[in-house]
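Peer 1:
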Amino acid sequence: MPSKGMRGLRGGRENRYVAVKISVSERGERSREIKVLRALETIDSGHPGSRHLIQLLDHFQVTGPNGTHNCAVLELLGSSVPDLLDARFGGERLPGKLAKAIAKQALLGLDYLHQQGIGHGDLHTRNLAFAIPPVHSLSGEEFMQKLGEPEIGLVRRNDGKPLEPSMPRYLVRPTSYPVDLSKPSQSIKIIDVGESFLDDDVPDILHTPLPLRAPEIIFGEKPDHRVDLWSMGCMLFELIVGQPPFDSSMITPTILVRQMLETVDDELPDRWQQTWRTMDSASPGEESGSTLQEWLEEMYFDGERNSDLTRGDISHVGRLVRRMLRLEPSKRASAEEILRDSWFCED
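Everything in the sequence shown is counted per UniProt numbering, starting at 1 for the first residue and increasing by one.
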């Protein structure tokens, strides 16, 4: 996926604060992200999930020394889930009630996308960001007081020679608008639809982080929106316990598939068996022996962290995760089906 920059600005006819996402030069091609968000703009939908997807306000192109860049003008949002976790909870895990609320809103946003024939393609907790209260009445000085002064570092070549015209003169450390958890309800939005695709424009390759990557991607099948359901199952697990269900340390596609087979207790489809035998024989490994439910309970009730969800809750979460983590894509529960489950209808 092309790298990009995000900047907060104020201006336009509405005189509001916005975020501007600047993509790397794509030789004049309109970015997939803008294409998908513009398609959603044309839909008059009363679906509650539409409130949980980042809003495109405008878009334009700018030409610089590296070529033509697509620029998306987006609504301004706050911290991502991992950033909030690090800042407020020491990188451990979210309170159970908050994790459940975030998961439900992510499912609503995902269901909205899928109902419109759109796959996200890169669903993970860093692509969930908190909405913030209206800030458009703040002056520039007041806004910067809340955001904090930017940390700027000058760019220099190691050999001391002048920078090329294509190089930036300085870098700014990323920051985010603070989230107030004292509010009675928090709203999250799915962001970064740069990997998203329409049903009639599916990419050959997706760049989902490997620990969250659906098995059909690993086995080289043409992806569709059901890759998001696998990622959502991984994300629900991570929101509850604080880490994904599959080990992300020194992971390879072969190790990941082996973990899938051991953990989710599901049969690998026949069409992938030969490929898997070749992969497995080239890199033998040891079995872990833990099922997904056992791993979920071990991680949640480890004795050292506050456990505000009950064993009944965690048992229910395990069943929901297993319904989405099916190796055969056609057998995965949809976002709509998961939302109808009693666990998400209790509150």
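Where is the CB? At the ideal position from N, CA and C, for every residue including glycine.
Predicted model only: the values in this text are computed from it and were never measured.
(1) What would DSSP say about D247, mapped onto helix, strand or coil?
(2) Taking only three categories from DSSP, how would you classify S137?
(3) Whose C-beta lies closer than 6 Å to the C-beta of Y112 among residues of the same chain, with five residues either side of it excluded?
(4) Using DSSP's beta-bridge definition, name the partner residues of C71.
(5) Using 9 Å as the threshold, is the C-beta distance between A129 and I34 below it?
(6) By how many angstroms is the C-alpha of S187 removed from the C-alpha of R173?
(7) Would you mind stating whether L171 and G148 have Cβ atoms separated by less than 9 Å?
(8) Among L292, D280, K104 and L236, which one has its Cα closest to the Cα of I255?
(9) Which residues does DSSP list as the beta-bridge partners of L53?
(10) Anyone know if the C-beta pair for D341 and L320 falls short of 9 Å?
(11) Do the segment 82-89 and the segment 54-71 meet, that is, are 3 or more Cβ pairs less than 8 Å apart?
(12) What's the gap between the Cα of L236 and the Cα of V317?
(13) Any idea what DSSP makes of S80, helix, strand or coil?
(14) Taking the CB atoms as reference points, tell me whether E246 and M232 lie closer together than 9 Å.
(15) For G119, write down the residues that DSSP places opposite it in a beta bridge.
(16) Keeping to the same chain, check which residues put their C-beta closer than 6 Å to that of V264; ignore five residues upstream and five downstream.
(17) Hey, out of H136, E142 and A103, whose CA is closest to H124's CA?
(18) Near R169, which residues of its chain fall below 8 Å by C-beta distance, leaving aside the five closest residues on each side in sequence?
(19) Among Y17, G119 and S334, which one has its Cα closest to the Cα of G141?
(20) In chain order, which alpha helix (DSSP H) runs of at least 4 residues are fully inside the segment 251-320?
(21) Quick check: the Cα distance between E29 and H59, rounded to an integer number of angstroms?
(22) Tell me whether the beta-carbon of L210 lies closer than 9 Å to the beta-carbon of I251.
(23) Expressed to the nearest angstrom, what Euclidean distance is found between the alpha-carbon atoms of S45 and T278?
(24) Say whether the segment 92-110 touches the segment 305-312, bearing in mind that this needs 3 or more beta-carbon pairs closer than 8 Å, one atom from each stretch.
(25) Taking the alpha-carbon of F197 as reference, which of V227, D270 and I240 has the nearest alpha-carbon?
(26) Could you say which of H114, R322, E297 and H120 lies nearest to V241 if we only look at CA atoms?
(27) Taking only the alpha-carbon atoms, compute the straight-line gap between V20 and T275 and give it to the nearest angstrom.
(28) In the structure shown, what three-state DSSP assignment does V202 receive?
(29) When the distance is taken between beta carbons, is H52 closer than 9 Å to G109?
(30) Do you know how far the Cα of S182 is from the Cα of I314?
(31) Report buried or exposed for V100, applying the criterion of at least 16 other Cβ atoms within 10 angstroms of its Cβ.
(32) To the nearest angstrom, how far is it from the Cα of G117 to the Cα of H225?
(33) Rounded to the nearest angstrom, what separates L77 and I43 at their Cα positions?
Peer 2: In terms of the structure at hand:
(1) D247: coil per DSSP, three-state reduction.
(2) coil
(3) H47, G49 and S50
(4) Answer is I22 and F60, bridged to C71.
(5) It is not a contact, given that the beta carbons lie outside the stated cut-off.
(6) 26 Å
(7) no
(8) D280
(9) I190
(10) yes
(11) no
(12) 8 Å
(13) Reduced to three states, the DSSP call for S80 is strand.
(14) According to the sequence provided, residue 246 is Phe. The question's Glu does not apply to it. Pairing F246 with M232 gives a Cβ-Cβ distance that is not under 9 Å.
(15) F197
(16) L292 and L325, listed in sequence order.
(17) For H124, the closest of H136, E142 and A103 by C-alpha to C-alpha distance is A103.
(18) Only L154, V155 and L163 meet the Cβ criterion.
(19) In the sequence under discussion, the amino acid at residue 141 is Glu, which differs from the Gly named in the question. Cα-wise, what sits closest to E141 is Y17.
(20) 253-263, 270-282 and 292-300
(21) Unreliable placement is indicated for E29, whose pLDDT of 48 sits below 50; the coordinate value is still reported in the next sentence. Looking at the two C-alpha atoms, the distance is approximately 13 Å.
(22) yes
(23) Cα to Cα, S45 sits roughly 47 Å from T278.
(24) Segments in contact, yes.
(25) V227
(26) Ranking the options by Cα distance to V241, first place goes to E297.
(27) 43 Å
(28) Residue state, collapsed to three classes: coil.
(29) yes
(30) 25 Å
(31) Before going on, a small fix: residue 100 reads as Lys here, not Val. By the neighbour-count rule (16 or more Cβ atoms within 10 Å), K100 is buried.
(32) 8 Å
(33) 22 Å
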